[in-house]
Structures are given as structure tokens and as C-alpha cells.
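Chemist: Have a look at this one before I ask anything.
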Amino acid sequence: MQRRWKQVLCSLLGVLLLAGSLLTVPAAAAETTAPQTTAAESTDDAKDSGNTRQIVQTLVIFTVACGVTAFLVMRPSLKKLKAAKEQAASDGNSADKTK
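As numbered in mature numbering (1 follows the signal peptide of the UniProt record, and there is no 0), residues -29 to -1, 1 to 70 make up the sequence shown, in order.
What follows is the structure, encoded as C-alpha cells:
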């Protein structure tokens, strides 16, 4: 069961990394067609936007990975809670019928 979780998590991270890299390629192409300013300004802007984009991608991937991991870890506990709740509800229904 743990192996399946690892496979799902790794495949999800792979898809996110691929999607992130595909999203940056069109954005980089759009930046090259922007109006030209001085060389120093355009270099600084390109560095800043590239760094910002990488930071945002890293944060998105990290957040999604944490959410998926938390869900996978908590799923067995949630199933137990749901089963206990259903059992309590069925016990309550059977107690009402016997009265």
C-alpha cells in the first residue's frame, strides 16, 4: 500500500514539474517580443521575472505535494471515523426501533 502511495505521489510531482516547465516556455517567448528598453533594464526584469516564476512554481508544487501527502496519510483514519460514525448511527436507529 505504501508503495502505491509513493508511485502516485511521484507521478503527481512529475506531472506538476512537466506542467510548470511547459508553462514557462510560452512565457519566455512572450518576453522576447516585448518592446525593447535599455539593455540593463531588460536584463534585470528578465532575471526578476524568472526568479519570481521559479519561486512560485516551487511553492505551488510544494503545497500540492503536502496536500496530497496529508490526504494519503489521513485517508485510513478518515475511513475509520466514517465507519465508527455509521456504526453509531445504525446503533441509534436500532435502539429507536426496539422502544
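For glycine and all other residues, C-beta sits at the position ideal for the given N, C-alpha and C.
1. Touch check for the segment -24 to -9 and the segment 28 to 40: three-plus C-beta pairs under 8 Å?
2. Enumerate in chain order the residues of its own chain whose CB-to-CB distance from N22 is below 8 Å, with the five nearest sequence positions on each side excluded.
3. For G(-10), collect the residues of the same chain with a Cβ closer than 6 Å to its Cβ; drop the 5 residues on either side in sequence, then sort them by chain order.
Modeler: Per the coordinate set shown:
1. yes
2. none
3. Q28
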